[in-house]
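**Student:** The listed protein sequences correspond, in order, to chains A and B.
Sequential numbering from 1468 applies to the first sequence in our numbering.
Sequential numbering from 3 applies to the second sequence in our numbering.
In this text, a Cβ means the ideal position worked out from N, Cα and C, and glycines have one as well.
Given the structure is predicted, the values throughout are model-derived calculations rather than measurements.
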Amino acid sequence: MLSTFRALAEPNRLHIVELLLRGPRPVGDLVLRLRLRQPQVSKHLRVLSKAGLVGVRRDAQRRIYALRPAPLQELESWLEKYRQLWESNFQRLDSLLDELKSAESKPNPKKRTRSKPDRIRINKGDHL
Amino acid sequence: MTTSPAPKPTLQIAALGDREIVMTRVFNAPAHLVFDALTEPDLVKRWLLGPDGWSMPVCDIDLRVGGAYRYVWQRDSDGKQMGSRGVFREIVVPQRVVFTELFDEAWYHGESVITSILSEQAGKTTLTTTMQYGSQATRDAVLKSGMETGVAISYDRLAAIVEKP
């Protein structure tokens, strides 16, 4: 997972992944589009390859790179689980906030009792 | 202020840089109430529960810089428990909270640092939560350079990537 994050965090590598989304490409084509030197592009491709994000095949003299979806799917399903978990949390938080708002808007609102009234609060704007 | 598009009510999640996850969500309530809901044990227990069927029997929060918190969740069906703990690093009521997070059974290496930023506009509050994973050394390096060099991959864009076989 972290290797996928790391591999995609570099702008040129993300660009390579985006280019490969449209289909497999030879290295020379990536070099032209990225406007980088061939050794730099090869270096980025090695990182992407090591992270399992791209695969290579030979076609006569050319090396053709293609996207491998597995790490992206892993990342996506991880984020999706994350999203579902937090969406459940936040929907409960929505209801709680509605409750707090209506409690606050009542004419003589009782102050909510805080579980730890003596705790230290740092006021807005204080420098820490 | 110039007109800006209304913030989306849905949860946005993005991978930013190499070790961060950023979540953004808008709540229909002022920042001070959202802040309370994030930091008062009696309120936290009511929503920070994860999947359905879990409760939070332990929720201790010592809300001051250097103060610790302890959370324990329990699955009601079989009593299975999981917990996390951490320490508050920054507290600015009702705008910002920074704390560390370490799960009892960490599935990743080391503790993470969570930054919650609350921004109120017209009675609505945007909560931006950044979760940063990894060692402190890495975190510091990321803080120094990550924001400038990091590339945000939006969740939607990622989904588009994955849909391609």
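Under the rule that 16 or more other beta-carbon atoms within 10 Å means buried, what is B:ASP142, buried or exposed?
**Tutor:** Along the second sequence, read from residue 1 onward, the residue named residue 142 of chain B stands at position 140. Since pLDDT at B:ASP142 reaches only 43, below the 50 mark, its modelled position is unreliable, and the value read off the structure follows with that caveat. By the 10 Å Cβ count, B:ASP142 comes out exposed.
**Student:** Go to B:PRO59, then tell me how far its beta strand (DSSP E) extends in each direction, as first and last residue.
**Tutor:** Here residue 59 of chain B corresponds to residue number 57 of the second sequence, with the count starting at 1. Residues 56-63.
**Student:** Could you give the distance in angstroms between the alpha-carbon of A:VAL1508 and the alpha-carbon of A:GLN1540?
**Tutor:** Numbered from 1 along the first sequence, position 41 holds the residue referred to as residue 1508 of chain A. Numbered from 1 along the first sequence, position 73 holds the residue referred to as residue 1540 of chain A. Straight-line Cα distance between these residues: approximately 24 Å.
**Student:** Verify whether the separation of the beta carbon atoms of B:TRP75 and B:LEU51 is less than 9 Å.
**Tutor:** Here residue 75 of chain B refers to the residue found at position 73 when the second sequence is read from its first residue. Here residue 51 of chain B refers to the residue found at position 49 when the second sequence is read from its first residue. A contact, by the Cβ cut-off of 9 Å.
**Student:** How far does the alpha helix (DSSP H) with A:LEU1503 in it reach, from first residue to last?
**Tutor:** Along the first sequence, one-based indexing puts residue 1503 of chain A at 36. Note, A:LEU1503: premise wrong, no alpha helix (DSSP H); not H, not E.
**Student:** For a contact defined as C-beta to C-beta under 9 Å, what are the partners of B:GLU53 on chain A?
**Tutor:** Here residue 53 of chain B refers to the residue found at position 51 of the second sequence. The sequence as given places Pro at residue 53 of chain B; Glu does not occur at that position. GLN1551, LEU1552, SER1555, listed in chain order.
**Student:** Less than 9 Å separating the beta-carbons of B:ALA39 and A:LEU1560?
**Tutor:** Taking the first residue of the second sequence as position 1, residue 39 of chain B is located at position 37. Taking the first residue of the first sequence as position 1, residue 1560 of chain A is located at position 93. A contact, by the Cβ cut-off of 9 Å.
**Student:** May I ask which residues mark the beginning and end of the beta strand (DSSP E) holding B:GLN27?
**Tutor:** As a first step, residue 27 of chain B is located in the second sequence; it is residue number 25 there, counting from the start. According to the sequence provided, residue 27 of chain B is Arg. The question's Gln does not apply to it. From DSSP, the beta strand (DSSP E) with B:ARG27 extends over 22-29.
**Student:** For B:PHE105, would you say it is in contact with chain A, using Cβ-to-Cβ distances shorter than 9 Å as the test?
**Tutor:** Within the second sequence, residue 105 of chain B is the residue found at index 103, counting from 1. No, no contact with chain A.
**Student:** Kindly give me the distance between the Cβ atoms of B:LYS126 and B:VAL28, rounded to whole angstroms, as I take these residues to be in contact under 8 Å.
**Tutor:** For this step, residue 126 of chain B is matched to residue 124 along the second sequence. For this step, residue 28 of chain B is matched to residue 26 along the second sequence. Right, their Cβ atoms sit about 6 Å apart.
**Student:** Interface residues of chain B around A:ARG1492 at Cβ under 8 Å?
**Tutor:** Here residue 1492 of chain A refers to the residue found at position 25 of the first sequence. The contacting residues do not exist; A:ARG1492 stays about 14 Å from chain B at best.
**Student:** Taking A:PRO1491 as the reference, give the member of A:ALA1527, A:LYS1568, A:VAL1523 with the closest Cα.
**Tutor:** Indexing the first sequence from 1 puts residue 1491 of chain A at position 24. It is A:VAL1523.
**Student:** Bridge partners for B:GLN14 per DSSP, in chain order?
**Tutor:** Along the second sequence, one-based indexing puts residue 14 of chain B at 12. Its beta-bridge partners are B:THR26.
**Student:** Name the chain A residues that come within less than 7 Å of B:MET25, Cβ to Cβ?
**Tutor:** Here residue 25 of chain B is taken as the residue at index 23 of the second sequence, counted from 1. Near B:MET25 (Cβ distances below 7 Å), the residues of chain A are TRP1553.
**Student:** Closer than 9 Å, CB to CB, is B:ASP78 near chain A or not?
**Tutor:** By one-based count along the second sequence, residue 78 of chain B stands at place 76. It does not; no Cβ of chain A falls within 9 Å.
**Student:** Let me confirm a value: B:THR12 is counted as buried when at least 16 other C-beta atoms fall within 10 Å, else exposed. Which label applies?
**Tutor:** In the second sequence, counting from the first residue as 1, residue 12 of chain B sits at position 10. With fewer than 16 other Cβ atoms within 10 Å, it is exposed.
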